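First to last, the protein sequences are chains A and B. For reference, each letter of the first sequence is one residue, going 1 to 285 in the numbering used here. For reference, each letter of the second sequence is one residue, going 1 to 341 in the numbering used here. In this text, a Cβ means the ideal position worked out from N, Cα and C, and glycines have one as well. Predicted, not measured: the structure shown is a model, and the values here were computed from it.
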Amino acid sequence: MATSSLSPKRDARRSLLRVSPKPTLLLGLLLLAVFLAAALFPAQLAPYEPAEFDYTAIMQPPSAAHPFGTDNFGRDVLSRVIWGTRIDLQIALFTTLFPFIFGTLVGALTGYYGRWLDAIFGRIVDVVVVFPFLVLVIAIVAVLGPGLLNMYIAVSSVGWIYYARLVRGEVMVQKKAEYAQAARVMGYSPARVIFRHLLPNAVTPAIVYLMTDMSLGILLGASLGYLGLGAQPPTAEWGVMIADGKNFMVTAPWVTTFPGLALTAAGLTFSLIGDGLADLLRPRA
Amino acid sequence: MSEALLRVENLTKSFPVKEPLFGRLRGSPKRVVRALTGVSLEVRRGETLGIVGESGCGKSTLARCLVRLHEAEGGTIEYDGADVRALRGGALRAYNRRVQMVFQDPYSSLNPRMTVSQTLAEALTVHRVCPPREVKAKIQELLELVGLPPSAAQRLPHEFSGGQRQRIGIARALSVEPECLVADELVSALDVSVQAQVVNLLLELQEKLHLTVLFVAHDLRLVHHISHRVAVMYLGNVVEVADTDTIFARPQHPYTQALLAAAPDLDPAKKSVVAAVRGELPSPLKVPSGCPFHTRCPHAFDRCTREKPGLLPHVPGHLTACHLYDAAERHRLAKGEALQT
Numbered sequence: 001m002a003t004s005s006l007s008p009k010r011d012a013r014r015s016l017l018r019v020s021p022k023p024t025l026l027l028g029l030l031l032l033a034v035f036l037a038a039a040l041f042p043a044q045l046a047p048y049e050p051a052e053f054d055y056t057a058i059m060q061p062p063s064a065a066h067p068f069g070t071d072n073f074g075r076d077v078l079s080r081v082i083w084g085t086r087i088d089l090q091i092a093l094f095t096t097l098f099p100f101i102f103g104t105l106v107g108a109l110t111g112y113y114g115r116w117l118d119a120i121f122g123r124i125v126d127v128v129v130v131f132p133f134l135v136l137v138i139a140i141v142a143v144l145g146p147g148l149l150n151m152y153i154a155v156s157s158v159g160w161i162y163y164a165r166l167v168r169g170e171v172m173v174q175k176k177a178e179y180a181q182a183a184r185v186m187g188y189s190p191a192r193v194i195f196r197h198l199l200p201n202a203v204t205p206a207i208v209y210l211m212t213d214m215s216l217g218i219l220l221g222a223s224l225g226y227l228g229l230g231a232q233p234p235t236a237e238w239g240v241m242i243a244d245g246k247n248f249m250v251t252a253p254w255v256t257t258f259p260g261l262a263l264t265a266a267g268l269t270f271s272l273i274g275d276g277l278a279d280l281l282r283p284r285a
Numbered sequence: 001m002s003e004a005l006l007r008v009e010n011l012t013k014s015f016p017v018k019e020p021l022f023g024r025l026r027g028s029p030k031r032v033v034r035a036l037t038g039v040s041l042e043v044r045r046g047e048t049l050g051i052v053g054e055s056g057c058g059k060s061t062l063a064r065c066l067v068r069l070h071e072a073e074g075g076t077i078e079y080d081g082a083d084v085r086a087l088r089g090g091a092l093r094a095y096n097r098r099v100q101m102v103f104q105d106p107y108s109s110l111n112p113r114m115t116v117s118q119t120l121a122e123a124l125t126v127h128r129v130c131p132p133r134e135v136k137a138k139i140q141e142l143l144e145l146v147g148l149p150p151s152a153a154q155r156l157p158h159e160f161s162g163g164q165r166q167r168i169g170i171a172r173a174l175s176v177e178p179e180c181l182v183a184d185e186l187v188s189a190l191d192v193s194v195q196a197q198v199v200n201l202l203l204e205l206q207e208k209l210h211l212t213v214l215f216v217a218h219d220l221r222l223v224h225h226i227s228h229r230v231a232v233m234y235l236g237n238v239v240e241v242a243d244t245d246t247i248f249a250r251p252q253h254p255y256t257q258a259l260l261a262a263a264p265d266l267d268p269a270k271k272s273v274v275a276a277v278r279g280e281l282p283s284p285l286k287v288p289s290g291c292p293f294h295t296r297c298p299h300a301f302d303r304c305t306r307e308k309p310g311l312l313p314h315v316p317g318h319l320t321a322c323h324l325y326d327a328a329e330r331h332r333l334a335k336g337e338a339l340q341t
């Protein structure tokens, strides 16, 4: 194929990556790999069992035997942080996946069809956004009962709104573009126009928000875990661990610090990836 | 050649104006932009009909109504005997295959995420223009047809210049083998040097493929160059239709005369004789009563403010919507002039 010698990068044009990724994105992916390893192989990586009591080593500060120290039951904090990764990544995924898919779908349809569909959507949005997100989620969990599954249900039933709003606005802009009108003049079905032409050009902000939302999801899961509405003790979950350790904050700060750091690092990971993806997914003009 | 392929009669279209909530509460009357106020037009098989007019005169709205991007409100569109406005589903798809459109903006008319070959292949497969295994060959054929290199197939729109993108747009429209092409300001976004290339391509294709072309433009010289016949639009109306040579040599409607006089001429020896039109284009929110042009017409008389002139063949083959050419008025005006002298 004849390509211009001016631009050696052109050969990579068929691949998804049309621009070289930023170092921050690579850092994000590296961190993600670390978290995934911890989530997939906790038994191999963790030096102790997460729920193994050791009454001979209660509230030990970090040492060679217990790099992150031990908590009030003598459980190894490092092992619990590693086992907690699995739960918290699962929370990140399940609190965002359904809202992303369903919200994108609703946003695409309301943005494309407008009129009464959009009017109904607008009223639902009004109802939901008058409540602070966390308060609404807590209320729903309180009704359904505490636990991870009910937390997913609660977050999903509220969270899709934000994706839908994002995608709706973007679809409304894109459908006015001439390529979308050309697709209609081509006689393509609405489904084809929406999913093949509009959505690929409208979904980028939602994907970027998905990444941010994943870190928010972890924080939310940890918050609800802390409040006793999410994961239940003795499950090794970062929020639950922080809640458990809060009474010994002064005497044994490592019990709360390390799960807190893990939480922060996970949030950072998704933010870095989201930021990097935003650059990669932006189409060339 | 003389058979009418597309017949538009008394087509109307208006767009509601979004009033601020406060105004609505105060009970302000609902305002509408009257984009088309009774357009009548005939396009003959195999011809190029140029549609000219100032911006805001409704030419693009007309083009979009013809391909059903907009739904007209009143009047009829008849294509090859079929009522276009009543087409639904499969029949509409079949119509869209026969009547295609090329868009104005080369920078937004192509899906930025699809390569040229994806764009063309989609049209070819959805409409089953050719068997799947021939799609690749057909794409190359189309690229050659519009003068693009075979390597263009694998590229994304952002790798092309404006002129090349318009060629891709033409290739996309031609991929479904239409009979009629609606070109809405095809080249107005391009550099003048590139305009000629694209327009000549269109002329060439029209000849080769026996296309019927509706060429919507505001550039009179382009329209002169490309069209067999020209329709002049003013404020949602067609005010004059005639052969290109006739309309440029002997324009009848005062608006056409003014439009031609206002067009810049590169020949300094020619001086414009007719005074250019005075005043601003009235807002399509408030279309004047009677003849829409009477507010700016140098020849307007009282009948013009009351009665809208019909588009009539005052001279055979030359349609004009103007009371000046009405036989009775001519007689009266001639008498008036005789009295004055």
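Note down, in chain order, every chain B residue with its Cβ under 9 Å from the Cβ of residue i.
i, result
"A:R184", "V67, R68, L69 and N96"
Which same chain residues, not among the five before or five after residue i, have their C-beta less than 7 Å away from its C-beta?
i, result
"B:S227", "T48, L49, G50, F215 and T244"
"A:L6", "Reliability of the predicted coordinates at A:L6 is poor, the pLDDT of 41 falling under 50, and the value obtained from them is presented with this limitation in mind. Around A:L6: no qualifying Cβ."
"B:Q154", "T115 and S117"
"A:T24", "L272, D275 and G276"
"A:V141", "N150, M151, A154, L224 and L229"
"A:L29", "I273"
"B:I139", "S117, L120, A121 and A153"
"A:K22", "G276 and D279"
Would you say the beta carbon of residue i is closer than 7 Å to some non-hydrogen atom of the ligand SAM?
i, result
"A:L199", "The model depicted lacks the ligand SAM and carries no ligand whatsoever."
Going by DSSP, what residues sit across from residue i in a beta bridge?
i, result
"B:R34", "B:S14"
"B:E9", "B:T76"
"A:A64", "The partner list for A:A64 (beta bridge, DSSP) is empty, contrary to what the question assumes."
"A:L198", "None, per the DSSP bridge assignment."
"B:E42", "B:R7"
"B:G50", "B:F215 and B:V230"
"B:L312", "B:T320"
"A:D76", "A:T70"
Can you pull the chain B neighbours of residue i, defined as C-beta to C-beta under 8 Å?
i, result
"A:G373", "An answer regarding residue 373 of chain A cannot be provided, because it is not within the stretch 1 to 285 covered by chain A."
Sorted by chain position, which residues of the same chain lie with C-beta nearer than 8 Å to residue i's C-beta, five sequence neighbours on each side aside?
i, result
"A:R184", "V193"
"B:E144", "P150"
"A:R13", "Note that A:R13 has pLDDT 46, beneath the 50 cutoff, so the model's placement of it is unreliable and the number below is only indicative. Contacts found: none."
"B:N10", "G38, V39, S40, G74, G75 and T76"
"B:G279", "T295 and R296"
"A:Y162", "P99, G103, Y209 and D213"
For my contact list, residue i and residue j are in at a C-beta cut-off of 8 Å; report their separation, rounded to the angstrom.
i, j, result
"B:A189", "B:P106", "6 Å"
"A:L224", "A:G245", "The pair is not a contact, with the Cβ atoms about 17 Å apart (cut-off 8 Å)."
"B:Q100", "B:E185", "Contact doesn't hold; Cβ gap of about 16 Å is too wide."
"B:R88", "B:T76", "About 16 Å separates the two Cβ atoms, so there is no contact after all."
"A:A92", "A:G217", "5 Å"
What does residue i reach in chain A if we use C-beta pairs closer than 9 Å?
i, result
"B:D105", "A177 and E178"
"B:V126", "M186, G187, Y188, S189 and R192"
Residues of chain A with CB closer than 8 Å to the CB of residue i, please, in chain order.
i, result
"B:N237", "Within 8 Å Cβ-Cβ: nothing; B:N237 doesn't reach chain A, min ~25 Å."
"B:S108", "A177, E178 and Y179"
"B:A123", "M186"
"B:R172", "A182 and M186"
So, at 6 Å on beta carbons, what are the nonlocal neighbours of residue i in its own chain, with the 5 sequence-adjacent residues on each side left out?
i, result
"A:L210", "T96 and F100"
"A:P293", "Since the displayed chain A opens at 1 and closes at 285, residue 293 of chain A lies outside it and no answer follows."
"A:A278", "V208"
"A:M1", "Caution applies to A:M1, whose pLDDT of 39 falls short of 50 and renders its modelled position unreliable; the value that the coordinates give is listed next. Excluding positions up to five away in sequence, the list is empty."
"A:R168", "G107, T110 and G111"
"A:P61", "G69"
"B:L339", "At B:L339, the pLDDT of 49 sits below 50, so the modelled position is not reliable; the number obtained from the coordinates is stated separately. None."
"B:C322", "H253 and P309"
Using a C-beta to C-beta distance shorter than 7 Å, which residues of chain B count as neighbours of residue i?
i, result
"A:P200", "R113"
"A:H66", "The contacting residues do not exist; A:H66 stays about 52 Å from chain B at best."
Along chain A, in chain order, which residues have C-beta atoms closer than 7 Å to that of residue i?
i, result
"B:R93", "G187"
"B:Q100", "V185"
Kindly say whether residue i, judged by its beta-carbon, lies nearer than 8 Å to any beta-carbon of chain E.
i, result
"A:D54", "Protein chains in the displayed structure are A and B, and chain E is not among them."
Kindly provide the ranges of any beta strand (DSSP E) runs that are 3 or more residues long and lie completely inside the region 178-244 of chain B, ordered along the chain. Taking only runs of at least 3 residues, the beta strand (DSSP E) segments lying wholly in the region 178-244 of chain B are 180-184, 212-217, 229-234 and 237-243.
Jot down the residue ranges of each uninterrupted beta strand (DSSP E) in the region 76-118 of chain B, minimum 3 residues, whole runs only, in chain order. Complete beta strand (DSSP E) runs here, min 3: 99-102.
What runs of the alpha helix (DSSP H), each 4 residues or longer, lie entirely inside the region 96-139 of chain A? The DSSP assignment places complete alpha helix (DSSP H) segments of no fewer than 4 residues inside the region 96-139 of chain A at 97-113 and 115-129, in order along the chain.
Minimum length 4: unbroken alpha helix (DSSP H) runs contained in the region 197-226 of chain A: Within the region 197-226 of chain A, the runs of alpha helix (DSSP H) that reach at least 4 residues and sit entirely inside it are, in chain order, 199-202.
Please go through the region 168-197 of chain A and give each complete alpha helix (DSSP H) segment of 4 or more residues, from N-terminal end onward. Every alpha helix (DSSP H) of 4 residues or more that sits fully in the region 168-197 of chain A is shown, in chain order, as 178-185.
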